[in-house]
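Heads up, my numbering is the position in the sequence shown plus 386, with the first residue counted as 1. In this text, a Cβ means the ideal position worked out from N, Cα and C, and glycines have one as well. Quick caveat, the model's predicted, so the values are computed rather than measured.
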Amino acid sequence: MAVKRTGLGKGLDSMIPPKATQRAVKEDKNTVSKTGETILKINEVEPNKKQPRKFFNEEALQELSDSIKQHGIVQPLVVAKKDDYFEIIAGERRWRAAKLAGLKEVPVVIKDYSPQEIMEVALIENIQREDLNPVEEAKAYQNLIKEYNLKQEEVAERVSKSRSAITNSLRLLKLSDGVLTLLMEEEISSGHARALLGLEDSEKQLEIAEKIAKDHLSVREVEKLVKNINQPAKKTKKKELSNDFLYHDMEEKVKLKTGTKVRINRKSENKGKIEIEY
């Protein structure tokens with residue numbers, strides 16, 4: 387009986403070892419500890435260019451750096467061997483904070499992953515730690531789908547999310563760049579952004595997004611605002627359709643009375659022209 391492959395999201399704890407002690411960072415370089423850790427020079431380690439996370443909060447990074455100065459790195463980085471360096475799979479934030487703290491060495495666990503697994507693990511770690519903003523998360527899903535020809539269901543399985551969660555995340559990328567920037571900067575929430583998807587006009591999307599940031603509108607208020615913006619167009623279209631039927635009916639009635647073809651051309655709300663053939 388074949389063993390079903392579990393999503394990487396469910397097995398991330400088995401890939402990233404539990405917290406190490408401060409002693410780990412004091413071991414000799416390339417000495418493997420009982421937990422499978424190795425000590426590397428910090429300049430031998432480089433970030434993953436396809437890391438989903440692009441934005442790092444400077445204040446939070448400084449706080450982590452201060453903590454590392456006092457307690458060391460309590461959880462090792464996960465890395466993969468490249469040609470002449472080690473690439474970070476999980477732990478870039480710790481690596482950045484360690485550099486800020488002036489550390490010369492960092493504890494790591496070296497893994498042999500395929501490029502796809504590296505991308506998946508990097509994404510999963512960020513999701514589990516809630517480190518990604520909604521735009522980074524959506525773009526990470528998009529990259530997995532495009533680069534490895536995956537379906538949304540397959541991505542959902544790998545990161546232990548529902549298919550609808552992946553779909554809703556990807557929909558955010560349909561918003562204009564200006565709106566996505568406000569979302570990344572946490573000026574608006576994912577709920578606000580999803581409500582703005584109801585507007586087709588990208589300029590109107592940005593206008594309302596800026597209003598949300600300025601006036602601190604709730605998601606419910608934005609939903610009502612979007613509904614009100616869309617309603618006038620629907621009413622006008624419905625009214626025009628109703629008028630067309632009305633004029634057509636009038637044409638038919640006059641035609642029956644006169645016995646000749648009649649056309650009613652409406653130029654405006656209160657003005658028009660009646661043409662009678664003879």
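- Looking from the CA of leucine 486, the closest CA among Glu503, Val507, Ala476, Asp452 belongs to Asp452.
- For leucine 558 and arginine 580, the gap between their C-alpha atoms comes out near 7 Å.
- Judged by beta-carbon spacing, glutamate 473 lies within the 9 Å limit of asparagine 434, meaning their Cβ atoms are closer than that value.
- Rounded to whole angstroms, valine 640 and arginine 649 show a C-alpha spacing of 9 Å.
- Under the three-state reduction of DSSP output, glycine 577 falls in the helix class.
- Inclusion of valine 495 and valine 464 in the CB contact set at 9 Å is warranted, their separation being smaller than that value.
- Judged by DSSP in its simplified three-state form, asparagine 651 adopts strand.
- In the pairwise beta carbon analysis, the stretch 560-576 is classified as touching the stretch 585-605: at least three pairs are separated by under 8 Å.
- For valine 521, the enclosing alpha helix (DSSP H) starts and ends at 520-534.
- Bridge partners of leucine 603 according to DSSP: none are assigned.
- The shortest CA-to-CA distance from glycine 488 to any of Pro501, Glu506, Arg479, Ile428 is the one to Ile428.
- Across the structure, glutamate 432 and methionine 505 are spaced so that their CA atoms are roughly 15 Å apart.
- Between asparagine 616 and methionine 570, the beta carbon gap of about 26 Å keeps them out of contact (Cβ cut-off 8 Å).
- Judged by DSSP in its simplified three-state form, threonine 646 adopts coil rather than helix or strand.
- Assigned with DSSP and collapsed to three states, proline 462 falls in coil, not helix or strand.
- The Cβ atoms of isoleucine 660 and lysine 647 do not sit closer than 9 Å to each other.
- At a Cβ-Cβ threshold of 9 Å, alanine 526 and leucine 509 count as neighbours.
- Taken through DSSP and simplified to helix, strand or coil, valine 608 comes out as helix.
- Arginine 479 is classed as buried because its beta carbon has at least 16 other beta carbons within 10 Å across all chains shown.
- Straight-line measurement puts the Cα of lysine 468 at about 28 Å from the Cα of alanine 542.
- At least 9 Å separates the beta-carbon of isoleucine 513 from that of lysine 497.
- Looking only at Ile425, Glu586, Asn614, Leu603, the smallest Cα-Cα distance to isoleucine 574 is reached by Leu603.
- Across the structure, tyrosine 534 and threonine 424 are spaced so that their CA atoms are roughly 31 Å apart.
- Taking C-beta atoms as the reference points, valine 612 and leucine 585 count as a pair closer than 9 Å.
- In the DSSP assignment, isoleucine 454 falls within the unbroken alpha helix (DSSP H) covering 444-457.
- Excluding sequence positions up to five before and after serine 548, its CB lies within less than 7 Å of the CB of Ala542, all in the same chain and listed in chain order.
- Looking only at Lys537, Met636, Gly477, Gly645, the smallest Cα-Cα distance to arginine 439 is reached by Gly477.
- Excluding residues up to 5 positions away in sequence, Ile428, Ile454, Ile459, Val492 lie with their Cβ nearer than 7 Å to the Cβ of alanine 484 in the same chain.
- If you draw a straight line from the Cα of leucine 536 to the Cα of isoleucine 598, it is about 35 Å long.
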